[in-house]
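Step one of this worksheet: look at the structure below.
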Amino acid sequence: MSPAARRTRVLLPLLLLALWLVAGGALGPFAGRLGEVATNDQAAFLPRSAESTAVIAEQKRFRQNETLPVIVVWTGGAVADRKADADRALTSLADAPGVTGEVSPAIPSEDGKALEGVVPLRPDLGDTLPDALERIRSAAERVPGTTVQLAGPAATQADLSDAFAGIDGLLLAVALAVVLVILLLVYRSVLLPLVIILGSVFALGVACAVVYALADHDVVRVDGQVQGILSILVIGAATDYALLLTARYREELARDTDRFTAARAALRQSWAAIVASAATVALGLLALLLSDLTNNRALGPVGAIGIACAVLTSLTFLPAALALLGRAAYWPARPRPVDDHREGVWHRVAALVDRASRKVWAVTLVALLAGAAFAPALTSKGVPLDETFVDDAPSVAAQQTLSRHFPAGSGNPAVVVADADRVTEVVRAARRTEGVASATPASASGRPGADPLVVDGRVRVDVTLTAAPDSDTAKETVARLRTALHGVPDANALVGGYTAQQYDTLRTAQHDRALIVPVVLAIILLILVVLLRSLLLPVLLVATVALNFLTTLGVSALVFRHVLGFTGTDPSVPLYGFVFLVALGVDYNIFLMSRVREESLRHGVRQGMARGLVTTGGVITSAGVVLAATFAALEVIPLAFLAQIAFIVAFGVLLDTLVVRSLLVPALVRDIGARAWWPTAVPETGKA
Numbered sequence: 006m007s008p009a010a011r012r013t014r015v016l017l018p019l020l021l022l023a024l025w026l027v028a029g030g031a032l033g034p035f036a037g038r039l040g041e042v043a044t045n046d047q048a049a050f051l052p053r054s055a056e057s058t059a060v061i062a063e064q065k066r067f068r069q070n071e072t073l074p075v076i077v078v079w080t081g082g083a084v085a086d087r088k089a090d091a092d093r094a095l096t097s098l099a100d101a102p103g104v105t106g107e108v109s110p111a112i113p114s115e116d117g118k119a120l121e122g123v124v125p126l127r128p129d130l131g132d133t134l135p136d137a138l139e140r141i142r143s144a145a146e147r148v149p150g151t152t153v154q155l156a157g158p159a160a161t162q163a164d165l166s167d168a169f170a171g172i173d174g175l176l177l178a179v180a181l182a183v184v185l186v187i188l189l190l191v192y193r194s195v196l197l198p199l200v201i202i203l204g205s206v207f208a209l210g211v212a213c214a215v216v217y218a219l220a221d222h223d224v225v226r227v228d229g230q231v232q233g234i235l236s237i238l239v240i241g242a243a244t245d246y247a248l249l250l251t252a253r254y255r256e257e258l259a260r261d262t263d264r265f266t267a268a269r270a271a272l273r274q275s276w277a278a279i280v281a282s283a284a285t286v287a288l289g290l291l292a293l294l295l296s297d298l299t300n301n302r303a304l305g306p307v308g309a310i311g312i313a314c315a316v317l318t319s320l321t322f323l324p325a326a327l328a329l330l331g332r333a334a335y336w337p338a339r340p341r342p343v344d345d346h347r348e349g350v351w352h353r354v355a356a357l358v359d360r361a362s363r364k365v366w367a368v369t370l371v372a373l374l375a376g377a378a379f380a381p382a383l384t385s386k387g388v389p390l391d392e393t394f395v396d397d398a399p400s401v402a403a404q405q406t407l408s409r410h411f412p413a414g415s416g417n418p419a420v421v422v423a424d425a426d427r428v429t430e431v432v433r434a435a436r437r438t439e440g441v442a443s444a445t446p447a448s449a450s451g452r453p454g455a456d457p458l459v460v461d462g463r464v465r466v467d468v469t470l471t472a473a474p475d476s477d478t479a480k481e482t483v484a485r486l487r488t489a490l491h492g493v494p495d496a497n498a499l500v501g502g503y504t505a506q507q508y509d510t511l512r513t514a515q516h517d518r519a520l521i522v523p524v525v526l527a528i529i530l531l532i533l534v535v536l537l538r539s540l541l542l543p544v545l546l547v548a549t550v551a552l553n554f555l556t557t558l559g560v561s562a563l564v565f566r567h568v569l570g571f572t573g574t575d576p577s578v579p580l581y582g583f584v585f586l587v588a589l590g591v592d593y594n595i596f597l598m599s600r601v602r603e604e605s606l607r608h609g610v611r612q613g614m615a616r617g618l619v620t621t622g623g624v625i626t627s628a629g630v631v632l633a634a635t636f637a638a639l640e641v642i643p644l645a646f647l648a649q650i651a652f653i654v655a656f657g658v659l660l661d662t663l664v665v666r667s668l669l670v671p672a673l674v675r676d677i678g679a680r681a682w683w684p685t686a687v688p689e690t691g692k693a
């Protein structure tokens with residue numbers, strides 16, 4: 006090799022490292038700044054075409070100033086005699102910072118054991134919302150002999166902000182610490198885990214910078230859930246791709262290959278599987294753009310950007326670092342071929358699959374089907390308000406107190422918008438609807454009994470339900486209310502509000518699953534056909550990961566109800582779980598079967614299956630454990646939605662890694678033989 010060529014092969018990796026160090030230094034801080042462009046306003050993440058979404062747009066016309074209400078609740082032994090004190094406390098807040106509109110007087114409950122009052126706040130308070138709530142609490146606590154609680158949308162938003170406060174720091178720190186510990190155990194070296202972690206941090210920094218710029222220009226939306234999933238997804242994916250590449254690099258070094266040649270060979274042998282794996286996840290996420298739910302559509306492009314950045318660092322930064330470090334990357338361990346461990350666990354697994362393939366796949370199939378039988382038990386009709394937060398949240402406790410003393414729908418009425426000349430008929434029809442406690446037109450003064458406020462020929466009617474706003478009974482009442490009001494001639498009535506939003510979200514989520522699931526399966530099937538150059542095997546792989554998903558749902562249904570105490574699941578959880586588990590599950594099958602294909606073309610199907618399983622067993626299992634651990638880190642955010650996603654993905658990835666990819670798929674392919682690769686001609690046996 007000429008001196009110029011030697012200089013080039015050193016300078017190119019150095020240049021790549023320098024570029025990534027500059028990019029990491031410049032863009033890395035954006036990993037902690039996504040919160041600046043994130044919104045946790047749940048009303049912004051509703052179905053675009055739903056009736057409740059149309060009501061939100063119409064409601065704005067009835068408000069000169071948009072408000073975010075706080076419901077003050079007083080309870081205690083002396084509360085029946087403290088209405089005058091409560092009125093004075095509420096009146097004192099009329100000119101308080103952040104308060105807009107008219108503060109209501111105190112309203113006693115029918116049982117005489119509670120008082121409530123509504124304080125409207127500006128919706129743009131942002132970081133000053135906690136201060137405004139504290140001022141309200143301080144004023145309310147001047148009523149002697151009572152206990153004060155704050156409920157309503159403003160209190161809930163404050164609790165959500167507190168829950169997401171750990172997204173930028175705590176979640177990222179926990180995820181990186183978990184990955185680092187696992188990598189140290191896998192490699193038993195000091196330097197390589199740090200290099201892989203650095204690469205994943207670079208990927209996350211670039212992804213967050215791109216998403217920040219797009220969100221700042223309203224191209225994509227980001228909320229706390231999307232933000233948390235992005236961090237976990239990038240770290241997990243970048244680490245998985247790194248494990249695959251470094252395993253190939255170790256094999257090349259074990260053959261006494263030059264470190265630069267080994268890096269090129271590892272990249273050449275790995276890039277197709279890495280890109281195909283990333284494509285399944287990215288395209289699966291982009292299929293969420295077909296959803297009518299805004300938070301689903303938000304995750305699609307944001308997640309795809311994260312996956313693209315993970316691939317970019319894996320195919321540029323990591324090979325460059327490996328080429329410069331050489332064997333030092335594995336110090337104090339020494340790279341050696343997988344075949345040196347002839348009595349290792351993966352040799353025993355491969356021998357079992359080879360010896361009793363039909364028995365292995367039959368037993369694992371029965372076990373997976375048994376778990377899948379419980380999948381219908383997973384109810385995805387929504388998480389009750391008192392289970393939204395994993396830990397007790399003040400706003401939830403306040404809403405429970407409110408429901409005990411006032412109609413359960415107090416504080417979250419259904420909102421009806423209709424033509425003003427039909428308001429009498431609309432109110433009458435609403436009051437006659439089963440499950441409705443009261444129906445009152447909104448007035449200009451905000452006081453009951455005053456003339457209705459008419460804007461552009463439309464009026465707003467607040468309908469209080471007898472059932473809790475997050476209950477199935479309340480959703481059924483909304484359906485009846487819509488039927489009744491749509492039947493009022495020429496009223497053009499629309500029904501919205503919190504319960505209607507939950508009802509519309511549930512129906513839209515069901516529609517999204519029916520549409521997106523087949524699209525994702527078709528995308529993944531097409532990628533597998535192109536990569537493996539086979540027709541039967543891709544169908545088999547897609548079927549196994551779909552079975553893994555159903556089994557995971559079945560186990561989750563049992564764990565959620567009997568272990569974690571969840572009585573419901575967010576409507577988006579099954580779809581998120583499907584996209585992640587099916588796309589990521591196919592990842593590991595891609596890693597395995599691309600190596601099996603390579604070995605089978607040289608050694609025949611039987612030896613190819615055994616060699617592929619042995620050489621990839623350790624690295625894929627490590628990748629699965631890393632990905633499961635990173636998703637499990639979502640548990641540090643105390644929200645039921647993220648806790649449910651964390652369990653489903655973590656358990657599903659481990660099940661796929663340890664059972665489906667290790668036993669079911671190899672046993673099926675071994676039993677089917679060369680026919681699995683049709684129409685590609687793969688020999689049954691070959692020369693070693």
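With the first letter of the sequence shown counted as 1, position 165 gets the number 170 in our numbering; the numbers rise by one all the way through.
We treat Cβ as the ideally placed atom computed from N, Cα and C, and that holds for glycine.
Being a predicted model, the structure only gives us computed values, none of them experimental.
A Cβ-Cβ separation of about 3 Å places residue 514 in contact with residue 576 under the 8 Å criterion.
DSSP, read as helix, strand or coil, puts residue 460 in strand. Here residue 630 carries a helix assignment [DSSP, helix/strand/coil]. Unbroken alpha helix (DSSP H) runs of no fewer than 4 residues, entirely contained in the region 563-625, are found at 578-608, following chain order.
Under the Cβ criterion (8 Å, minimum of three pairs), the region 537-546 does not count as touching the region 634-649. CA-CA distance, residue 119 to residue 140, rounds to 21 Å. No Cβ-Cβ contact shorter than 8 Å links residue 631 with residue 369.
Fewer than three beta-carbon pairs drawn from the region 332-339 and the region 78-98 are found closer than 8 Å, and the two stretches are therefore not classed as touching. Distance from the CA atom of residue 101 to the CA atom of residue 124, rounded to whole angstroms, is 10 Å. Counting C-beta pairs with one atom in each stretch, the region 556-563 and the region 574-594 have three or more that are closer than 8 Å, which means they touch.
Pairwise C-beta distances place the region 476-485 out of contact with the region 391-402, as fewer than three of them are shorter than 8 Å.
Residue 392 sits away from residue 157, with the two beta carbons spaced by 8 Å or more. In the three-state reduction of the DSSP assignment, residue 297 falls in the coil class, being assigned neither a helical nor a strand state.
For residue 424, no alpha helix (DSSP H) encloses it; the enclosing beta strand (DSSP E) starts and ends at 419-424. According to the DSSP secondary-structure assignment, residue 539 is paired through a beta bridge with 684.
Between the region 487-505 and the region 524-536, the count of C-beta pairs closer than 8 Å stays below three; the two stretches do not touch. Taking residue 569 as the centre and dropping the five residues before and after it, the same chain places the C-beta of 648, 652 closer than 8 Å to its C-beta, in chain order. Within the same chain, Cβ atoms closer than 7 Å to the Cβ of residue 483 are found at 419, 500, 504, 505, 508, the five residues on either side in sequence being excluded. Residue 384 carries a coil assignment under DSSP once its states are collapsed to helix, strand and coil.
By the C-beta criterion, the region 268-287 is judged to be in contact with the region 235-250, since at least 3 inter-stretch pairs fall below 8 Å. In terms of Cβ geometry, residue 658 and residue 638 do not form a close pair [threshold 8 Å]. The region 667-677 and the region 369-379 touch, with three or more beta-carbon pairs separated by less than 8 Å. For residue 154, same chain residues with a beta-carbon under 6 Å away, outside a window of 5 residues either side, are 78, 403, 406 in chain order.
Relative to the Cα of residue 588, the nearest Cα in the group 684, 604, 654 belongs to 654.
Within 10 angstroms of the beta-carbon of residue 351 lie 16 or more other beta-carbons, which makes it buried. Contact between residue 621 and residue 586 fails: their C-beta atoms lie close to 20 Å from each other, not under 8 Å. Taking C-beta atoms as the reference points, residue 109 and residue 411 fail to come closer than 8 Å. Per DSSP, residue 324 is one residue of the alpha helix (DSSP H) stretching across 322-330.
Assigned with DSSP and collapsed to three states, residue 114 falls in coil, not helix or strand. Shown here, residue 139 sits in a helix according to DSSP, grouped into three states. Note on residue 567: under 16 other CB atoms within 10 angstroms of its CB, so exposed under the neighbour-count rule. The secondary-structure analysis by DSSP pairs residue 121 across a beta bridge with 78, 112. For residue 52, the secondary structure class from DSSP, reduced to helix, strand or coil, is strand. Within the region 169-224, the complete alpha helix (DSSP H) runs of at least 4 residues fall at 177-192, 196-221. Three or more beta-carbon pairs separated by less than 8 Å are not found between the region 272-282 and the region 188-208, which leaves the two stretches without contact. For residue 469, the three-state secondary structure derived from DSSP is strand.
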